[in-house]
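Counting along the sequence shown from 1, when you hit position 762 you're at 762 in UniProt numbering, and nothing is skipped either side. Everything below concerns the one structure shown next.
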Amino acid sequence: MTQPQAIYRKDYTVSPYLIHATELSFRLGENETIVSSKIDFYQNSLSTDKSGNLFLNGIDLELISILVDGVDPEYTLVEDGLELRKMSQRFTLEIQTKIHPETNTSLNGLYQSSGNFCTQCEAHGFRQITYYLDRPDVLSVFTTHIEAAFDKYPVLLSNGNLTECSNGVATWHDPVPKPCYLFALVAGDFAVLEDTYTTLSGTEVALKIYTEAHNIHKTQFAMGALKRAFKWDEERFGLEYDLDIYMIVAVDDFNMGAMENKGLNVFNSACVLADNKTATDGDFINIEAIIGHEYFHNWTGNRVTCRDWFQLSLKEGLTVFRDQEFTSDLHSHSIKRIDDVDMLRTYQFAEDAGPMSHPVRPESYIEMNNFYTLTVYEKGAEVIRMIHTFLGEAGFQKGMKLYFERHNSQAVTIDDFISSMSDANGFDFTQFKHWYSQSGTPEVSISTHYDEVKNTYTATVEQQYEYFFPLSFALLDGLGNELEKGVLTIKDKVQIFVFENIKSAPTPSWLRGFSAPIKLECDLSFEQRIFLVKHDKDSFVKWDNAQKLWLSLIMDADTIDEVAFFDAIEFMIKNTKDSSLVCELLMLPSERALHNHQTVIDVFDIHNKREITIQKIITRFKPLLLEVYKSLASHSSLQGELNTQQVYEFTSEAVGQRALKNRCLFYLTKDGELDLAKSQFNEANCMSDKFCAFHLLLNSDNEYRQQILADFYQEFKDDTQVMDKYFSALASSNVCDVDGVKALMEHELFSFNTPNRLRSVVGGFARNYTNFHKQASYEFFTDVILKLNTSNPQIGARLVATYNHWKRFTPELKALQKQQLERIANTENLSKDIFEIVQVALK
């Protein structure tokens with residue numbers, strides 16, 4: 001078998017042909033689907049290829065007929081497409097193909113979920129529907145006809161506006177040219193929640209959310225989130241929606257979170273369905289963000305799209321930045337920033353340090369699905385954030401306005417976006433563009449000196465490469481007042497900054513708001529870090545210094561004054577009104593985050609040291625934690641009965657109070673206060689409280705474990721999203737080993753071909769570090785990957801990436817993980833998705 005070959009950005013050439021209009025007709029059936037396409041091609045004047053040859057992408061298609069301008073053409077079928085020869089400058093291609101959505105487990109192209117038809121075409125799914133120029137720089141107006149049995153598929157949806165509809169037949173026309181990756185089709189038996197939104201210019205847009213009938217009551221929050229997204233994008237970015245209708249469809253079988261298909265978003269049901277009985281606070285915030293993200297793509301991704309897939313961060317990095325700002329504006333700026341940075345440093349920095357390290361704009365790929373990564377999305381968003389920091393809100397909006405004026409309805413590059421920002425503001429971003437081409441996380445150091453004679457404070461900033469980035473800072477006096485603050489522009493390997501008229505040695509607050517995605521080392525003393533935790537006005541800096549102190553206490557306790565640090569934490573608990581911030585300060589670095597700070601990852605030593613620190617917290621703070629818990633839980637008597645009359649509120653204050661209460665409960669149950677958790681489980685008025693108590697009681701062998709398992713299952717067994725939580729909690733619990741996970745996969749509610757359920761069980765177990773990192777667990781995990789190789793290689797590739805850091809583990813685990821990678825590599829007919837990850841990991 002020929003090994004898959006890489007595709008390189010440097011080899012990009014324009015398509016020899018473009019498409020004016022595409023007309024698709026689908027005849028959907030139980031055992032087969034017939035797709036008829038009529039495509040109007042014309043020669044691309046920008047192409048130097050005038051040969052008349054044209055290659056169309058196509059995978060797993062059965063060709064029934066093909067005509068060019070009504071006659072049989074000269075063509076050749078090959079493994080991954082169709083080659084046409086001697087084409088004229090303009091021609092109409094008519095093709096009829098047969099496909100089998102009912103057996104398509106890859107969940108790309110057209111497939112079935114719970115008996116309903118739906119599509120996923122990004123990045124290369126459209127070629128599994130019909131032969132086409134499946135590339136993002138070929139835009140076309142689409143008209144879609146759908147025919148299906150009305151009794152089984154009464155709802156027939158596609159992109160654009162509905163132009164014809166009768167029982168079993170529908171026609172949709174999308175007037176805005178789009179690449180085929182934004183095409184969508186949905187057919188099935190759905191209930192619908194309907195609403196409207198009137199845009200700033202007075203246009204009334206029909207809003208519709210489709211889901212299975214038994215879930216329609218869980219769509220109200222998503223509808224509210226959608227309307228908030230419409231309003232926010234108008235107010236913050238001046239962008240209005242441009243069609244008569246906006247639709248969301250929630251399906252259970254989906255490889256990703258959601259897809260921004262023009263006017264018809266297809267969502268993983270976990271990212272739409274929520275009410276306070278079944279969704280946690282985190283679920284609500286996540287759903288709102290994803291609803292916003294996909295809506296914001298209407299302009300940053302759809303109206304202006306990518307020239308090629310190497311430019312993926314053009315739409316994703318920019319839209320992640322926009323959805324982060326959306327959540328921040330609606331909730332808490334400081335907590336949103338802390339959460340985003342924590343995730344970035346835990347997972348994206350690890351990606352930067354691993355074998356799959358790549359720039360925000362990669363130079364090559366074998367399987368594009370492998371590059372929907374944290375680097376492209378989250379680091380890409382940080383790069384956009386730095387541009388925003390340099391230009392300010394007004395300058396950034398000037399750049400966005402010019403970007404849309406220049407490139408509306410075009411497929412463009414990251415360079416085009418940067419040029420718009422630069423030209424609108426007269427700002428030279430030439431050096432800054434290295435962020436898009438350089439892989440890895442920049443390491444920066446700052447050393448300082450105070451001259452008490454000259455009253456000057458000098459900061460020397462050093463970096464290995466000449467990254468161009470903003471460094472937000474403040475200098476604080478002994479009372480925490482800001483003597484100086486601002487943004488330093490860093491662009492050289494060594495830069496010296498001198499601050500004058502500083503009357504006494506200040507405490508510097510560096511990298512405020514995490515103004516650049518860098519690793520920063522500075523000469524702050526232990527006392528200065530304590531001071532920043534207590535007095536800095538920047539919440540990120542407070543949290544960041546607390547995290548560094550927790551890290552020292554966990555991994556090398558002799559280097560830290562534990563009493564002084566705990567005194568500072570107690571001060572914060574007693575004197576901070578923001579419950580969310582107190583919760584963040586009380587949260588230890590995760591085991592996964594601790595792995596990133598070790599040259600050799602000793603899973604069991606890290607786990608044990610973290611548990612020792614937890615016991616230290618309990619020893620020092622138990623009375624205070626109990627007091628805070630009881631206050632926040634609104635205990636009405638000394639017996640500890642909860643006040644269940646409280647109405648669930650989804651406000652920043654209420655979310656913060658629940659988070660802090662449940663953080664306290666975590667520590668208290670570690671010291672045997674299981675009655676508190678059992679009481680909370682029984683009396684909770686929302687899933688945040690109920691699931692927290694459930695998870696804590698599940699995490700050890702105790703007298704309540706079996707009963708709460710039975711109770712939780714009985715109450716929620718018919719709710720798919722809650723049962724995903726149930727399976728995840730079981731698989732990740734301290735008492736679950738590989739035999740326990742295998743038993744879960746035999747459960748009547750487990751489905752191997754449903755990504756959410758598979759991720760809950762197998763993905764949950766992979767995060768169960770002390771039980772996962774054993775030979776038997778690795779062998780089981782590899783068995784799952786090899787099964788996915790033939791059924792859903794995209795999910796298989798996500799799982800195999802778990803082995804990416806095998807070289808950094810202790811010798812025994814390193815050898816065992818390498819053994820598994822070699823076993824996968826030696827498998828015949830390995831998919832491109834899994835092949836690429838394994839080959840890179842083994843290099």
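Backbone N, C-alpha and C fix where the C-beta goes; we use that ideal spot for every residue, glycine too.
Following the continuous alpha helix (DSSP H) through leucine 665, name the residue where it begins and the one where it ends. 652-670
Aspartate 11 classed as buried or exposed, judged by whether at least 16 other C-beta atoms fall within 10 angstroms: exposed
Report back the beta-carbon spacing between leucine 581 and phenylalanine 565 to the nearest angstrom; my notes put them in contact at under 8 Å. No, leucine 581 and phenylalanine 565 are not in contact; Cβ-Cβ is about 17 Å, not under 8 Å.
Less than 9 Å separating the beta-carbons of histidine 805 and histidine 595? yes
Does the contact criterion of 3 or more C-beta pairs under 8 Å hold for the stretch 356-370 versus the stretch 828-841? yes
Using the three-state DSSP reduction, which class does serine 637 fall into: helix, strand or coil? Annotation note: pLDDT 30 at serine 637 (below 50); position unreliable, no value reported.
Distance check for leucine 730 and methionine 723, CA to CA, integer angstroms please. 10 Å
Going by DSSP, which residues form a beta bridge with isoleucine 66? DSSP, once it has assigned bridges, lists Ile95 as partnering isoleucine 66.
Member of Asp538, Ile59, Thr211 whose CA lies at the smallest distance from the CA of glutamate 482: Asp538
Where in the stretch 162-200 do unbroken runs of the beta strand (DSSP E), each at least 3 residues long, occur, reported from the N-terminal end onward? 169-178, 185-188, 191-198
Thinking valine 205 and aspartate 244 are a contact (beta carbons under 8 Å), I'd like their distance in whole angstroms, please. 7 Å
DSSP state of serine 113, grouped into three classes? strand
Go ahead and pull the three-state DSSP assignment for threonine 644. Note that threonine 644 scores 44 on pLDDT, short of 50, meaning its location in the model is unreliable and no value can be drawn from it.
Cβ pair count under 8 Å reaching 3, the stretch 544-553 against the stretch 407-418: no
Kindly indicate which three-state DSSP category glycine 52 falls into: helix, strand or coil? coil
Quick check on histidine 331: does DSSP put it in helix, strand or coil? In the structure shown, histidine 331 sits in coil (DSSP, three-state: anything other than H, G, I, E or B).
So, with DSSP's three-state summary, where would you put lysine 774? DSSP places lysine 774 in the coil class of the three-state scheme, outside both helix and strand.
In terms of residue numbering, what span does the alpha helix (DSSP H) encompassing glutamine 214 cover? The displayed chain sequence assigns histidine, not glutamine, to residue 214. Careful: histidine 214 lies outside any alpha helix (DSSP H) and carries neither H nor E.
Skipping 5 residues on each side, what residues in its chain have a beta carbon closer than 6 Å to that of isoleucine 518? Pro442, Val444
Between the alpha carbons of methionine 572 and phenylalanine 526, how many angstroms are there, rounded? For methionine 572 and phenylalanine 526, the distance between alpha carbons rounds to 17 Å.
Could you tell me the boundaries of the beta strand (DSSP E) in which phenylalanine 41 lies? 33-43
Taking the alpha-carbon positions, what's the histidine 635 to glutamine 680 distance? Because the pLDDT of histidine 635 is 42, which lies under 50, any placement of that residue in the model is unreliable, and the number read from its coordinates should be weighed accordingly. Taking the straight line joining both Cα atoms gives about 11 Å.
Check this for me: beta carbons of alanine 191 and threonine 171, under 9 Å apart or not? Contact: no.
Please report the residue range of the beta strand (DSSP E) in which glutamine 3 lies. Looking at the DSSP string, glutamine 3 is not in any beta strand (DSSP E), and its letter there is neither H nor E.
By how many angstroms is the C-alpha of arginine 236 removed from the C-alpha of lysine 152? Straight-line Cα distance between these residues: approximately 43 Å.
Taking the C-alpha atoms as reference points, what is the distance between alanine 274 and isoleucine 216? Approximately 10 Å between the Cα atoms of the pair.
Hey, is glutamate 260 close to the ligand ZN, as in C-beta under 8 Å from one of its heavy atoms? The ligand ZN is not part of the structure shown, which contains no ligands of any sort.
My assumption, with CB atoms under 8 Å, is that histidine 407 sits in contact with valine 251. Please give the rounded CB distance. Actually they do not touch by this definition, with Cβ atoms about 32 Å apart.
Kindly list the residues whose CB is nearer than 6 Å to the CB of glycine 656, restricted to its own chain and excluding five residues on each side of it in sequence; keep chain order. Ser579, Ser580
Candidates Ile418, Ile335, Glu363, Glu746: closest to phenylalanine 390 by CA position: The option with the nearest alpha carbon to phenylalanine 390 is Ile418.
So, for leucine 264: in the same chain, excluding its five sequence neighbours on each side, which residues have a beta-carbon less than 6 Å away from its beta-carbon? Leu157, Asn159, Ala184, Met247
Buried or exposed for asparagine 768, going by 16 or more other Cβ atoms inside 10 Å? buried
Glutamate 627 versus Arg663, Leu532, Leu698, residue with shortest Cα-Cα distance: Relative to glutamate 627, the option among Arg663, Leu532, Leu698 whose CA is nearest is Arg663.
With a threshold of 16 other CB atoms inside 10 Å of the CB of valine 320, please say whether the residue is buried or exposed. buried
Residues of its chain near glutamine 639, where Cβ-Cβ distance is below 7 Å and the 5 sequence neighbours each way are ignored: Because glutamine 639 sits at a pLDDT of 33, beneath the cut-off of 50, its placement in the model cannot be relied upon, and the following sentence gives the value as read from the coordinates. Taken in chain order, the list of residues that qualify is empty.
Just the Cα atoms here: how many angstroms apart are leucine 642 and isoleucine 338? Here the model assigns leucine 642 a pLDDT of 40, short of 50, so the residue's position is not dependable and the matter cannot be decided.
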